Amino acid sequence: MATAGKVIKCRAAICWGPHQPLTIEEIEVAPPKDHEVRIKILATAICHTDTLPMEGMVTNYNYPSILGHEGAGIVESVGPGVTDIKPGDKVIPLCFPVCGLCRCCKHPNANTCDRIDGGKYIGLMADGTSRFTCKGKLIHNFLTSSTFTEYTVVADIACAKIDDHVALDRACLIGCGFTTGYGSAVNAANVKKGSTCVVYGLGGVGLSTVIGCKINGASRIIGIDINKEKFVKAKKLGATDCIDPNDCSKPIHEVIAEMTDGGADYSFECIGNVDTMLSAIKCSHYGFGVCVIIGVAASDARICIDPILLLTGRTVKGAFIGGYKCKTAIPQLVTEYLAKKFEMEELVTHTMPFEKIMDGFKLLHEGKSIRTVLNLHGGKKC
Ligand code: APR
Ligand code: ZN
200 MATAGKVIKC RAAICWGPHQ PLTIEEIEVA PPKDHEVRIK ILATAICHTD TLPMEGMVTN
260 YNYPSILGHE GAGIVESVGP GVTDIKPGDK VIPLCFPVCG LCRCCKHPNA NTCDRIDGGK
320 YIGLMADGTS RFTCKGKLIH NFLTSSTFTE YTVVADIACA KIDDHVALDR ACLIGCGFTT
380 GYGSAVNAAN VKKGSTCVVY GLGGVGLSTV IGCKINGASR IIGIDINKEK FVKAKKLGAT
440 DCIDPNDCSK PIHEVIAEMT DGGADYSFEC IGNVDTMLSA IKCSHYGFGV CVIIGVAASD
500 ARICIDPILL LTGRTVKGAF IGGYKCKTAI PQLVTEYLAK KFEMEELVTH TMPFEKIMDG
560 FKLLHEGKSI RTVLNLHGGK KC
């Protein structure tokens with residue numbers, strides 16, 4: 200493309216610091232270096248995780264930064280050494296890269312690659328520099344992806360080529376929210392047919408967990424949320440019961456134990472709150488219950504747990520992005536979506552132009568949206 204090798208000037212939403220709205224600015228995006236890919240982002244969704252740096256909930260976060268990690272786009276150019284991706288390819292930037300070389304990448308059951316930036320939040324490329332500048336200032340990236348920008352640069356290990364036929368304004372959800380919830384049920388927990396599942400939090404991640412539990416044949420799926428408006432979609436997607444803990448006279452795990460002959464086979468925490476994490480552990484049945492922690496809590500949050508809950512045979516596990524190795528799993532999920540193995544339409548409640556991004560965050564905070572998809576570059580359909 201004509202822009203290859205040149206600096207691209209475009210628009211991005213910048214997070215200058217905590218407790219400040221993102222502002223749309225003109226930025227410069229440098230060309231990709233070795234093993235890097237420059238992507239024209241066409242669509243990005245807003246995920247709850249983007250709010251953590253905005254609210255100052257990440258210790259030692261490197262501002263200023265371009266947030267967004269649930270996006271999809273078309274490759275503009277690639278740097279030297281990139282072999283599996285070429286200009287024009289449809290891709291999803293990976294917030295969980297796969298280097299293929301570290302111990303976790305070589306382990307069949309792990310997806311916690313050494314090159315993941317979540318938790319460290321360095322926000323720079325592998326060579327310690329950034330491809331983004333704004334008003335002469337270095338701008339950091341977020342979760343090896345940064346999708347609240349018309350162009351981004353990511354490492355090739357953080358970029359997955361996807362099927363050319365997919366609509367990018369839906370494929371973007373597979374970059375994080377959908378995959379996190381769905382994969383926690385079908386992959387991390389591997390929910391068994393006929394089982395009872397409890398899903399705490401019925402946002403985009405929780406509803407995707409419900410979809411996964413149903414596809415794997417769970418016979419009972421209990422959704423928990425303090426916002427009853429979430430129940431309609433949860434039921435449509437497969438929840439058999441929905442409960443607002445505020446309507447209960449006893450703790451919700453006790454209510455679940457009564458409903459399920461002692462506790463659930465599987466429970467999923469899709470909120471990011473340590474109190475609901477503990478409740479999710481308690482609501483799983485002793486002896487065989489499995490609790491999967493999916494929600495991301497503030498960096499200084501801690502769970503205090505009675506060890507007897509573990510001694511009595513519950514399994515508590517956590518999973519990033521459904522426990523999947525994203526480089527291969529994300530293209531596979533896109534193909535399965537095209538084959539109509541699952542639907543994502545119910546998850547997209549709002550679509551807006553990029554510049555309305557803060558309206559999208561407002562809807563999220565008000566509990567009015569599941570996923571808001573932002574269209575970049577004037578929202579051309581592709
Ligand atoms: N009890 C029950 N439900 C709650 C509670 C609570 N104490 N607090 C919040 N909720 C509900 C909200 O009403 C909302 O419906 O949890 C849901 C969370 O949904 P979203 O805010 O849309 O978040 P989502 O994008 O689904 O992400 C959920 O997963 O990946 C992580 O960082 C992400 O921690 C976040 C979690
Ligand atoms: Zn690795």
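The sequence shown lines up with residues 200 to 581 when you count with the working numbering. For glycine and all other residues, C-beta sits at the position ideal for the given N, C-alpha and C. Please read these numbers as outputs of a predicted model, since none were measured by experiment.
Asked	Found
When PHE430, MET543, ASP233 and LYS524 are compared against GLY376, the one with the closest alpha-carbon	MET543
Distance cut-off 7 Å: LEU337 Cβ against heavy atoms of the ligand APR	no
Distance cut-off 7 Å: VAL297 Cβ against heavy atoms of the ligand ZN	yes
PRO252 Cβ short of 7 Å to the ligand APR heavy atom set	no
Proximal residues to VAL352 (C-beta, below 6 Å), its chain only, five neighbours per side dropped	PRO231, GLU235, ARG237 and ARG330
Range covered by the beta strand (DSSP E) that runs through ARG237	235–244
Inter-residue Cα distance where the pair is LEU477 and ILE492	10 Å
Straight-line Cα distance separating MET551 from PRO252	22 Å
Meets three-Cβ-pair contact criterion under 8 Å: the region 504–512 and the region 274–282	no
Simplified DSSP assignment, three categories, for TYR485	coil
LEU266 to GLY380 span [Cα, whole Å]	21 Å
Contact check, MET324 vs ALA359, beta carbons under 8 Å	no
Rounded distance between the beta-carbons of THR243 and GLY287, thought under 8 Å	In fact, because the Cβ distance is near 20 Å, the residues do not count as touching under 8 Å.
Bounding residues of the alpha helix (DSSP H) (the contiguous stretch that carries PRO252)	250–253
Cα-Cα separation, ILE455 to ARG314	39 Å
Simplified DSSP state of VAL587, which is helix, strand or coil	Coverage of the chain is limited to positions 200 through 581, which leaves residue 587 absent and any answer about it impossible.
Same chain, Cβ closer than 8 Å to SER344, neighbours up to 5 away in sequence not counted	GLY267, HIS268, GLY270, PRO292, LEU293, CYS294, THR351, VAL353, ALA357 and GLY374
Which listed residue (ALA479, LYS334, ARG369 and LEU406) has its alpha carbon closest to that of ALA211	LYS334
Of the residues VAL489, PRO530 and SER264, the one placed nearest LEU367, counting alpha carbons only	PRO530
Residues sharing a beta bridge with ALA354, DSSP	GLU235
Residues bridged to ASP552 [DSSP beta-bridge criterion]	Before going further, note that residue 552 is Pro rather than Asp in the sequence given. Beta-bridge pairing links PRO552 to ASN574.
Buried/exposed call for ALA189, threshold 16 Cβ in 10 Å	Since the first and last residues shown for the chain are 200 and 581, residue 189 lies out of range.
Cβ contact (3+ pairs, closer than 8 Å) linking the region 453–469 and the region 214–222	no
Counted within 10 angstroms of its Cβ, other Cβ atoms place VAL431 as buried (16 or more) or exposed	exposed
Whether CYS298 touches GLY400 by CB criterion (8 Å)	no
Nearest candidate by alpha-carbon position, reference CYS396, set TYR465, CYS371 and GLY488	TYR465
Assumed close pair LEU241, LEU546 - CB separation to whole angstroms, cut-off 8 Å	About 18 Å; that fails the 8 Å criterion.
Whole-Å CB distance - PRO220 paired with HIS339, under 8 Å assumed	The pair is not a contact, with the Cβ atoms about 18 Å apart (cut-off 8 Å).
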